[in-house]
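Protein chains in written order, with my numbering: chain A, -9 to 581; chain B, 2 to 99.
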């Protein structure tokens, strides 16, 4: 047994292996290794960049993060302009045309005539992409998509909405199709409102899910919200009354501006004719112009209080001074200054109350060109508004060295210079604010500019006392009175420049500008009706009633008390009252 | 002490490499798990971002809707025509300060 085993072992004794076999195996293995390494070298070193790029192309996506445009709100947070998501329905014409019943259904849902939609698609059969709807709400888009019509898709977009519509249209302005501001504050504040889109590079798996997103990213920046100084409640009131007055008087247009005289905040700024910013067709009309800022006009009689304030400030006239305006006309060189209703020998209060041109011209000539000019200059008549609003009109006030006797006389009753409504509001705010002229502003966070002194506080108070005569019995604007409040103001009935030069007979601008309450004004308001065509054209008959209604409503909304109880009967003789500067409430609890 | 040395040097000399191999395997599995969790969380984050976007949109829509319903012209029309309201007239103002 053991013998056999040892024999078997012997037969397994290793024979010497021929050397060539080993070499063959080694060289085959070596060759394999070289091939593998070579391929690795080719992929890792030679083609690396290309392959990495190809891989990234298939997995790495750059997602765009949209940056939303900021909203525009009024001082109480009510939205005036908002961006909201919409959907645009688009179609592949050839695919959709293959199923006529779907064309019909889609047409019905999109409020388009199916026949017309069919033709529309047939004309564009060769195109691969055509929009078949205006921007519609996501819910409506969902309804269209749920038809499962072939070749119909929807694409998300952003649209700008103006919930206040026509009410604040000219101030807010609007955006174009590209989503950038085109008019009004949308244009002026483009830089602040516009959002910056961000991006994020991510890795996606085959199912399109994002599996890694920490590669690199740029945050999107939403645009800032813009708070206007407008109060939508007062703005609406101004808009409603202005529109009614323009219709009632068959006028070409008009404007209302209401400002907080202590801070210079514009609370309302309405223009007519108007337009609806939500309606693209409507935007091209002339209603898009914000007349209060972009239109200059000759201020007419409304500058008389500014002239008188300068006369009082210089001490050349006293509140009790008399001026002889008889016989109702007054010749200055070749110019004849006329009063419609001759007054005789009257005091300053009557000159303002009756709006005597002769009286104003005589005061102006007594002061001299330089003094009249510097008075206007101090009330900001030569200074831009600095509202930043696009298309802001520059005032035209020629230097006094170019004025002769005639120019001085006409400037005294408001002709030969051009101002915007805002200039007048600013100047009257100075009288309302005890001589300190605030810088008007439309944005709550506009940089604060300290007010300039236009006249002394005493003169400002005397002026308000004098201007109350305009609204009282015997004045030109008794219709501007507000029950319970003392109102100071001035009318203006301005003859417009005729197309062929000179002044037109039948074309007027009727203005009333005033402040409430006269003893401690909080609000300054201006109403201008352009070319009233229904008979009346005097500022006291056309513009003053609008002023009364709007300011009464504004005073009620802002809780300005009719402060007649504990004030002295004659503020002129009373000691100077401490000035209350109460900011208007920015936010009130919504009910 | 001796036993301990034996573990490493004696017959149990394989123990240290084995422990290390085990540790490597466990850590590799942990990496896989973490990676998986990471993907899940990234996915969740993406979903939440989309949700935020959707809610932002809804918020804008609701604000619009509210502003449309609360438009002064509409409120005025309803107040005047349906509810028969008017502006207050002939009211008395009572001052709280003496």
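No residue lacks a Cβ here, since even glycine has one placed at the ideal position from N, Cα and C. Small disclaimer: the values here were computed from a predicted structure and weren't measured.
task = With a cut-off of 8 Å on the beta carbons, I'd call residue 235 of chain A and residue 65 of chain A a contact; round off their distance for me.
result = Position 245 of the first chain, counting from 1, holds the residue named residue 235 of chain A. Position 75 of the first chain, counting from 1, holds the residue named residue 65 of chain A. No, residue 235 of chain A and residue 65 of chain A are not in contact; Cβ-Cβ is about 25 Å, not under 8 Å.
key: When A:427, A:407 and A:329 are compared against residue 372 of chain A, the one with the closest alpha-carbon   = In the first chain, residue 372 of chain A corresponds to position 382, counting from 1. It is A:407.
query = Skipping 5 residues on each side, what residues in its chain have a beta carbon closer than 6 Å to that of residue 529 of chain A?
reply = Walking along the first chain from the start, residue 529 of chain A turns up at place 539. Contacts found: 481, 482, 483, 500, 501 and 502.
ask   = Of all the residues that make up the segment 191 to 218 of chain A, which are near chain B by a beta-carbon distance shorter than 7 Å?
value = 199, 200, 201, 202 and 203
query = Whose Cβ in chain B lies nearer than 8 Å to the Cβ of residue 73 of chain A?
reply = On the first chain, position 83 is the one that residue 73 of chain A refers to. Chain B residues near residue 73 of chain A: 61.
query = residue 7 of chain A CB to nearest chain B CB: under 8 Å?
reply = Position 17 of the first chain, counted from the start, is the residue given in the question as residue 7 of chain A. No, residue 7 of chain A does not count as interfacial toward chain B.
inquiry  = Using a Cβ-Cβ distance cut-off of 8 Å, determine whether residue 40 of chain B contacts chain A.
reply    = Looking up residue 40 of chain B in the second chain gives position 39. For residue 40 of chain B, the answer is yes, since a Cβ of chain A falls inside 8 Å of its Cβ.
Interface flag, residue 64 of chain B vs chain A, CB-CB below 8 Å = Sequence index remark: in the second chain, residue 64 of chain B carries index 63 (1-based). Yes - at least one Cβ of chain A is within 8 Å of the one on residue 64 of chain B.
query = Which stretch, first to last residue, makes up the alpha helix (DSSP H) that contains residue 422 of chain A?
reply = On the first chain, residue 422 of chain A is found 432 positions in, with the first residue counted as 1. In the DSSP assignment, residue 422 of chain A falls within the unbroken alpha helix (DSSP H) covering 411 to 422.
task = Jot down the residue ranges of each uninterrupted beta strand (DSSP E) in the segment 137 to 179 of chain A, minimum 3 residues, whole runs only, in chain order.
result = 142 to 151
query = Taking one C-beta from the segment 151 to 161 of chain A and one from the segment 14 to 22 of chain A each time, how about it: are there three or more such pairs within less than 8 Å?
reply = no
request  = Kindly say whether residue 43 of chain B, judged by its beta-carbon, lies nearer than 8 Å to any beta-carbon of chain A.
outcome  = Counting from 1 along the second chain, the entry for residue 43 of chain B is found at position 42. Output row for residue 43 of chain B: interface = yes.
task = Determine, using beta carbons only, whether residue 544 of chain A and residue 256 of chain A come nearer to each other than 8 Å.
result = Translated into the one-based positions of the first chain, residue 544 of chain A becomes position 554. Translated into the one-based positions of the first chain, residue 256 of chain A becomes position 266. It is not a contact, given that the beta carbons lie outside the stated cut-off.
query = Is the Cβ-Cβ distance between residue 125 of chain A and residue 154 of chain A less than 8 Å?
reply = Here residue 125 of chain A refers to the residue found at position 135 when the first chain is read from its first residue. Here residue 154 of chain A refers to the residue found at position 164 when the first chain is read from its first residue. It is not a contact, given that the beta carbons lie outside the stated cut-off.
inquiry  = For a minimum of 3 consecutive residues, which ranges assigned as the beta strand (DSSP E) are wholly contained in the segment 415 to 467 of chain A?
reply    = Within the segment 415 to 467 of chain A, no complete beta strand (DSSP E) run reaches 3 residues.
key: C-beta atoms of residue 458 of chain A and residue 508 of chain A nearer than 8 Å   = Indexing the first chain from 1 puts residue 458 of chain A at position 468. Indexing the first chain from 1 puts residue 508 of chain A at position 518. Against a cut-off of 8 Å, the Cβ pair of residue 508 of chain A and residue 458 of chain A comes out as a contact.
inquiry  = Which residues in chain B have a C-beta closer than 8 Å to the C-beta of residue 94 of chain A? List them in chain order.
reply    = In the first chain, residue 94 of chain A corresponds to position 104, counting from 1. Residues of chain B passing the Cβ test: none, with the nearest at roughly 29 Å.
ask   = If residue 239 of chain A sits next to residue 523 of chain A, beta carbons under 8 Å apart, how far is it from one beta carbon to the other, in whole angstroms?
value = As a working note, residue 239 of chain A is residue 249 in the first chain. As a working note, residue 523 of chain A is residue 533 in the first chain. Rounded, the Cβ-Cβ distance is 7 Å, consistent with contact.
key: Within-8 Å CB hit, residue 68 of chain B to chain A   = Residue mapping note: residue 68 of chain B aligns to position 67 of the second chain, counting from 1. With 8 Å as the cut-off, residue 68 of chain B counts as an interface residue toward chain A.
ask   = Any idea which residues DSSP pairs residue 80 of chain A with across the strands?
value = Position 90 of the first chain holds residue 80 of chain A. According to DSSP, residue 80 of chain A bridges with A:121 and A:143.
C-beta contact flag for residue 57 of chain A and residue 189 of chain A at 8 Å = In the first chain, the residue the question calls residue 57 of chain A occupies position 67. In the first chain, the residue the question calls residue 189 of chain A occupies position 199. Not in contact: residue 57 of chain A and residue 189 of chain A (Cβ atoms no closer than 8 Å).
task = Would you kindly report the start and end of the unbroken alpha helix (DSSP H) that includes residue 589 of chain A?
result = Residue 589 of chain A cannot be examined here, being either before or after the span of chain A that is shown, -9 to 581.
key: Top-ranked residue by Cα proximity to residue 340 of chain A, from A:420, A:86 and A:461   = Position 350 of the first chain, counted from the start, is the residue given in the question as residue 340 of chain A. It is A:461.
query = Residues of chain A with CB under 8 Å from residue 35 of chain B, in chain order?
reply = Numbered from 1 along the second chain, position 34 holds the residue referred to as residue 35 of chain B. The contacting residues do not exist; residue 35 of chain B stays about 13 Å from chain A at best.
ask   = What residues in the segment 463 to 475 of chain A have a beta carbon less than 8 Å from any beta carbon of chain B?
value = 474
task = Counting only the same chain and skipping the five closest in sequence on each side, list residues whose C-beta sits under 6 Å from that of residue 307 of chain A.
result = In the first chain, counting from the first residue as 1, residue 307 of chain A sits at position 317. Only 301 meet the Cβ criterion.
key: Length of the line joining the Cα atoms of residue 26 of chain A and residue 49 of chain A   = Walking along the first chain from the start, residue 26 of chain A turns up at place 36. Walking along the first chain from the start, residue 49 of chain A turns up at place 59. Looking at the two C-alpha atoms, the distance is approximately 27 Å.
inquiry  = Please classify residue 192 of chain A as buried or exposed, where buried requires at least 16 neighbouring CB atoms within 10 angstroms.
reply    = Translated into the one-based positions of the first chain, residue 192 of chain A becomes position 202. By the neighbour-count rule (16 or more Cβ atoms within 10 Å), residue 192 of chain A is buried.
request  = Taking only beta-carbon positions, decide if residue 226 of chain A is within less than 8 Å of chain B.
outcome  = Translated into positions along the first chain, residue 226 of chain A becomes position 236. Taking 8 Å as the CB threshold, residue 226 of chain A lines the interface with chain B.
key: Residue from A:247, A:178 and A:214 whose Cα sits closest to the Cα of residue 414 of chain A   = Within the first chain, the letter at position 424 stands for residue 414 of chain A. Here the closest residue by C-alpha is A:247.
message = Let's test the definition: count the other Cβ atoms within 10 Å of the Cβ of residue 347 of chain A and tell me whether it reaches 16, buried, or not, exposed.
response = Here residue 347 of chain A is taken as the residue at index 357 of the first chain, counted from 1. By the 10 Å Cβ count, residue 347 of chain A comes out buried.
ask   = Are the segment 347 to 365 of chain A and the segment 397 to 406 of chain A touching by the rule of at least three beta carbon pairs closer than 8 Å?
value = yes
ask   = In chain B, which residues lie with their C-beta within 7 Å of the C-beta of residue 485 of chain A?
value = The residue labelled residue 485 of chain A in the question sits at position 495 within the first chain. The CB of residue 485 of chain A never comes closer than 7 Å to any CB in chain B; the least such distance is about 35 Å.
ask   = Any beta-carbon of chain A closer than 8 Å to the one on residue 47 of chain B?
value = Position 46 of the second chain holds residue 47 of chain B. Taking Cβ atoms only, chain A reaches closer than 8 Å to residue 47 of chain B, which makes this a yes.
key: For residue 91 of chain A, the nearest candidate out of A:107, A:76 and A:80 (CA to CA)   = Position 101 of the first chain, counting from 1, holds the residue named residue 91 of chain A. Measuring from the Cα of residue 91 of chain A, the nearest candidate turns out to be A:107.
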